[in-house]
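Engineer:
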Amino acid sequence: EAGVAQSPRYKIIEKRQSVAFWCNPISGHATLYWYQQILGQGPKLLIQFQNNGVVDDSQLPKDRFSAERLKGVDSTLKIQPAKLEDSAVYLCASSLGLAGVYEQYFGPGTRLTVT
Amino acid sequence: DAKTTQPTSMDCAEGRAANLPCNHSTISGNEYVYWYRQIHSQGPQYIIHGLKNNETNEMASLIITEDRKSSTLILPHATLRDTAVYYCIVRVGTGGFKTIFGAGTRLFVKA
Chain A
1 EAGVAQSPRY KIIEKRQSVA FWCNPISGHA TLYWYQQILG QGPKLLIQFQ NNGVVDDSQL
61 PKDRFSAERL KGVDSTLKIQ PAKLEDSAVY LCASSLGLAG VYEQYFGPGT RLTVT
Chain B
1 DAKTTQPTSM DCAEGRAANL PCNHSTISGN EYVYWYRQIH SQGPQYIIHG LKNNETNEMA
61 SLIITEDRKS STLILPHATL RDTAVYYCIV RVGTGGFKTI FGAGTRLFVK A
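Next up, the structure:
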């Protein structure tokens, strides 16, 4: 079974530029998550989709971050404009459903460096 | 979702059992205990989860106390490849959806 795919793996941009990350979840997984992981910290949930609808985006800085999951499969996370403090690893995860009985499977992440 | 408390770091000798504790004293009756681990430069990896009963799979065993206020993840024969950050989290079984990671326990397995 193929895992969660993410691209790119690494990205370096200057502050005020824009960047986009792509995620392809495990086939059949209805729930998709985006996390931000700053060095030395645990992952922080940014947004969570159930199929193509947003169920939680309370931690997403909506003035600069946006995410979409068209057709309920792939998802993109965008940052525009980037700030230095956005330097982090962005992790995508998927699960069969929303409920706590379903484990999440994580992708390898995209390491973003903002200079 | 309930908050969890874990030691910052632990050491374990290779071949010995690694016992990682987690305190979740405010856990609710419908919240599951999950364990993930994160090896350097990789995404977190699911290990095991449970509600009330002890659980075992090919990776580890999960021991949950009777009052469910704490749990222990057991790696029966730790190897150098088990060196990682281990996260204990709790999630509501139905209806809830938020996953909150703490800082985890950094386990060092030494030869």
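For the protein sequence lines, the chains are A and B, in the order given.
Last residue of the first sequence: 115 (the working numbering), numbering continuous.
Last residue of the second sequence: 111 (the working numbering), numbering continuous.
Ideal Cβ placement from N, Cα and C applies to all residues, glycine included.
The structure displayed is predicted, hence computed values, not measured ones.
Can you tell me which residues form a DSSP beta bridge with Asn24/A?
Structural biologist: Ala5/A
Engineer: The region 77-110 of chain A: which residues have C-beta closer than 7 Å to a C-beta of chain B, in chain order?
Structural biologist: Leu91, Leu98, Ala99, Gly100, Val101, Glu103, Gln104, Tyr105, Phe106, Gly107, Pro108 and Gly109
Engineer: Let me confirm a value: Pro44/B is counted as buried when at least 16 other C-beta atoms fall within 10 Å, else exposed. Which label applies?
Structural biologist: buried
Engineer: Looking at the C-beta of Pro204/A, does it have a partner C-beta in chain B at a distance below 9 Å?
Structural biologist: Coverage of chain A is limited to positions 1 through 115, which leaves residue 204/A absent and any answer about it impossible.
Engineer: Going along chain A, which residues have a C-beta under 9 Å from Phe101/B?
Structural biologist: Tyr35, Gln37, Gln41, Gly42, Pro43, Lys44 and Leu45
Engineer: From what residue to what residue does the beta strand (DSSP E) around Ile64/B run?
Structural biologist: Ser61 to Ile64
Engineer: Beta-carbon of Val114/A versus every beta-carbon of chain B: anything under 9 Å?
Structural biologist: At a cut-off of 9 Å between beta-carbon atoms, Val114/A makes no contact with chain B.
Engineer: In chain A, what lies closer than 7 Å to Gly43/B by C-beta?
Structural biologist: Using a Cβ-Cβ cut-off of 7 Å, Gly43/B is close to Leu91, Phe106, Gly107, Pro108 and Gly109 of chain A, given in chain order.
Engineer: To the nearest angstrom, how far is it from the Cα of Gly102/B to the Cα of Gln59/A?
Structural biologist: 15 Å
Engineer: Just checking, does the region 36-44 of chain A make contact with the region 87-95 of chain A on the three C-beta pairs under 8 Å criterion?
Structural biologist: yes
Engineer: Mapping DSSP to helix, strand and coil, what is Glu14/A?
Structural biologist: Residue state for Glu14/A is assigned as coil, using DSSP reduced to three classes.
Engineer: Just the Cα atoms here: how many angstroms apart are Pro81/A and Ser18/A?
Structural biologist: 5 Å
Engineer: Pull up the CB-CB distance for Leu75/B and Asp82/B, whole angstroms please, since I reckon it's below 8 Å.
Structural biologist: 6 Å
Engineer: Using CA coordinates, which residue listed in Glu85/A, Leu32/A, Gly53/A and Leu70/A is at the minimum distance from Leu45/A?
Structural biologist: Leu32/A
Engineer: Pull out every residue of the region 30-42 of chain B whose Cβ sits closer than 9 Å to any Cβ of chain A, in chain order.
Structural biologist: If the cut-off is 9 Å between Cβ atoms, the region 30-42 of chain B has Asn30, Glu31, Tyr32, Tyr34, Tyr36, Gln38, Ser41 and Gln42 near chain A.
Engineer: With a threshold of 9 Å between beta carbons, is Arg91/B in contact with chain A?
Structural biologist: yes
Engineer: Under 9 Å, do Trp35/B and His49/B count as touching if we go by C-beta distance?
Structural biologist: yes
Engineer: For chain A, check one thing: does any of its Cβ atoms lie closer than 9 Å to the Cβ of His49/B?
Structural biologist: yes
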